[in-house]
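Data first, discussion second: the structure below is written as structure tokens.
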Amino acid sequence: MLHTLFKTPEFRIIDHSGEDGPEQAMASFAIDDALAISVGENLAPPTARLWIHDRTIMLGIPDSRLPYIKEGISYLQEKGYKAVVRNSGGLAVLLDKGVVNLSFIFPDAKHIGIHDGYQAMVSFIQYIFQDLTDKIEAFEIVGSYCPGTYDLSIDGRKFAGISQRRVKDGSAVQIYLCVDGSGAARAEIVQGFYERAKKDAETRFTFPDVVPETMASLEELLQVSLTSEQVCKRIVDGLASITHIDPSSEMTVQEAQLQQERMKLMRARNENFQ
């Protein structure tokens, strides 16, 4: 059953899934901040944004403080990945062309419980894949990378993780969906990063002991051929089936200005890791 946050007159969809320049991964978090401010001030309707970034490791703020972070990043670069420190908690997540990211931007964050945002995302993902499975569950998958209460899995193997960031009176609920390819192979890259960036050091923050076999793609779990493009279409069609879609699919001038301001913060956060 869909969450009540989707009982809204309209949604705007911004499709950035085809954009992936040198700073686009950093820009994604600046964009979501800008949208959260705009939607939170009721300058724009609730918004869904699609984004895909190839060969990128999105690090959480705690990851950036690992004792051997430079060695970890060197390893990622050797493997052909760029590392970006995002502006939120959580831990390392691997993105590539087989991983679809979806952000829901909701208004009135001060009056919405934090679990509502997570539960809304869970309900939507269950909704758009209901023709393929009724086994999508939300609970922490120990051994996965970036583990959390709202990990999405099928038969105990994780294919998606959800995070949430609140900016003023807007909230950005973000999910990554491993669509195709090998979930375990992705996890091995993250496992290698932690082996080099943490080693055996004692840390105040608990970092995951990644077990690659706990991760899988939707294609592996559902035993059907599935592409990122098909999942993006499911998302768009799913939203269109429950609410009116605002025809404006671009950011406003004000949102673009807010993005530039937030981008300065992202560049500053990442200046030591590029």
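In the working numbering, the protein residues as written are 96 to 369.
C-beta: ideal position from N, C-alpha, C; glycine also.
- Of Val348, Val134 and Leu190, the smallest CA-CA separation from Gly175 is found for Leu190.
- When only Cα atoms are considered, Val274 and Glu356 end up about 32 Å apart.
- Looking only at Gln221, Asp229, Phe106 and Phe101, the smallest Cα-Cα distance to His339 is reached by Phe106.
- Around the beta-carbon of Phe254, 16 or more other beta-carbon atoms lie within 10 Å, marking it buried.
- Counting only runs of at least 3 residues, the region 223-296 fully encloses the following beta strand (DSSP E) elements, listed from N- to C-terminal order: 247-249, 252-262 and 265-273.
- Restricting attention to Gln221, Phe101, Leu321 and Glu324, the CA atom closest to the CA of Ile207 is found in Phe101.
- Contact between the region 178-190 and the region 149-161 is established, with three or more Cβ pairs separated by less than 8 Å.
- The DSSP-derived three-state label of Thr338 is coil.
- Cβ contact annotation for Thr309 (same chain, cutoff 8 Å, sequence separation greater than five): Ile236, Val237, Gly238, Ser239, Gly251, Arg252, Lys253 and Ala282, in chain order.
- The count of Cβ pairs closer than 8 Å, one atom from the region 318-328 and one from the region 288-296, stays below three, leaving the stretches out of contact.
- Inter-segment contact for the region 193-204 and the region 130-149 is present: three or more beta-carbon pairs are separated by less than 8 Å.
- Boundaries around Val195 are those of the beta strand (DSSP E), Val194 to Phe201, since no alpha helix (DSSP H) includes it.
- Take Gln214, set aside five residues on each side of it, and the residues of its chain with a beta-carbon closer than 6 Å to its own are His98, in chain order.
- Shown here, Glu166 sits in a helix according to DSSP, grouped into three states.
- Shortest Cα-Cα distance from Ala267 to any of Ala351, Ala129 and Met96 involves Ala129.
- When the alpha-carbon of Ala233 is set against those of Leu227, Asp226 and Gln221, the nearest one is in Gln221.
- A distance of 7 Å or more separates the beta carbons of Leu227 and Leu161.
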